[in-house]
Amino acid sequence: MDIAGQAKQPNMPFAELIGVQVISATPDCVKAELVVREELGTDSSVMHGGAMMAFADSLGALATVLNLPEGFSTTTIESKTNFFAPARVGAKVFAECTPLHRGRRTMVWQTRITNETGKLLALVIQTQIVLEG
Numbered sequence: 018m019d020i021a022g023q024a025k026q027p028n029m030p031f032a033e034l035i036g037v038q039v040i041s042a043t044p045d046c047v048k049a050e051l052v053v054r055e056e057l058g059t060d061s062s063v064m065h066g067g068a069m070m071a072f073a074d075s076l077g078a079l080a081t082v083l084n085l086p087e088g089f090s091t092t093t094i095e096s097k098t099n100f101f102a103p104a105r106v107g108a109k110v111f112a113e114c115t116p117l118h119r120g121r122r123t124m125v126w127q128t129r130i131t132n133e134t135g136k137l138l139a140l141v142i143q144t145q146i147v148l149e150g
């Protein structure tokens with residue numbers, strides 16, 4: 018996940034493995050896209066729910082990192098996903114991650130995952146803990 022012009026570029030090998038492509042990343046909003054490959058499917062036709070959750074989790078982690086003070090890190094402590102429609106293999110899906118809460122100890126992010134027509138596929142709300150060191 019290369020984020021051009023960003024001082025904080027987290028090492029996220031799993032996000033790279035699943036194919037997350039960051040479109041833009043600011044402390045207020047992270048946008049990304051992902052091509053649904055067969056390896057990310059429950060079968061040969063639709064994206065696995067866990068892959069969709071991992072897509073959102075990666076964005077929430079990145080968004081938190083962009084809001085952390087120097088010397089702090091983060092990890093997910095809670096995540097809830099509602100699925101509304103499938104993502105077909107071969108399609109491109111888009112995600113937009115925005116803050117619901119940015120506190121000293123936790124940050125809560127909402128990620129909307131949509132298809133190419135803008136149809137809502139999933140809504141993920143996750144809590145990231147802020148860790149010193």
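Residue numbering for the sequence shown follows the numbering used here, starting at 18 and increasing by one per position. Beta carbons: idealized from backbone N, C-alpha and C, even for Gly.
Taking residue i as the reference, give the member of the options with the closest Cα.
| i | options | result |
| --- | --- | --- |
| GLY150 | GLU87, ASN99 and ILE142 | GLU87 |
| THR128 | LEU137, PRO103 and ILE142 | ILE142 |
| MET70 | CYS114, MET124 and GLU133 | CYS114 |
| PRO27 | VAL82, VAL63 and GLY66 | VAL82 |
| PHE31 | PRO116, GLU133 and ALA73 | ALA73 |
| ALA104 | VAL63, SER96, ALA42 and PHE111 | VAL63 |
| ALA112 | THR91, GLY135 and ASP60 | GLY135 |
| THR91 | ASP60, SER61, TRP126 and HIS65 | TRP126 |
| VAL110 | ALA42, ASP60, HIS65 and THR43 | HIS65 |
Is residue i helix, strand or coil when you go by DSSP?
| i | result |
| --- | --- |
| SER96 | strand |
| PRO116 | strand |
| THR134 | coil |
| ALA24 | In this prediction, ALA24 has a pLDDT of 48, which is less than 50 and means its spatial position is unreliable; nothing more can be read from the coordinates. |
Quick check: what's the CA-CA separation for residue i versus residue j?
| i | j | result |
| --- | --- | --- |
| ALA139 | HIS118 | 20 angstroms |
| LEU51 | ARG121 | 31 angstroms |
| THR144 | THR93 | 6 angstroms |
| GLY77 | ASN132 | 19 angstroms |
| ILE130 | ALA68 | 12 angstroms |
Check this for me: beta carbons of residue i and residue j, under 9 angstroms apart or not?
| i | j | result |
| --- | --- | --- |
| LEU148 | PHE100 | no |
Could you tell me whether any Cβ in chain D is nearer than 9 angstroms to the Cβ of residue i?
| i | result |
| --- | --- |
| PRO103 | Protein chains in the displayed structure number just one, and chain D is not present. |
Quick one: measure Cβ to Cβ for residue i and residue j, integer angstroms, because I've assumed they're closer than 8 angstroms.
| i | j | result |
| --- | --- | --- |
| LYS48 | ILE40 | 4 angstroms |
| ARG84 | MET124 | Per the sequence shown, residue 84 should be read as Asn rather than Arg. With a Cβ gap of about 6 angstroms, ASN84 and MET124 count as contacting. |
Let me check you understand the geometry: is the CB of residue i closer than 8 angstroms to at least one non-hydrogen atom of the ligand SAH?
| i | result |
| --- | --- |
| GLY66 | Absence of the ligand SAH is noted for the structure shown, with no ligands found whatsoever. |
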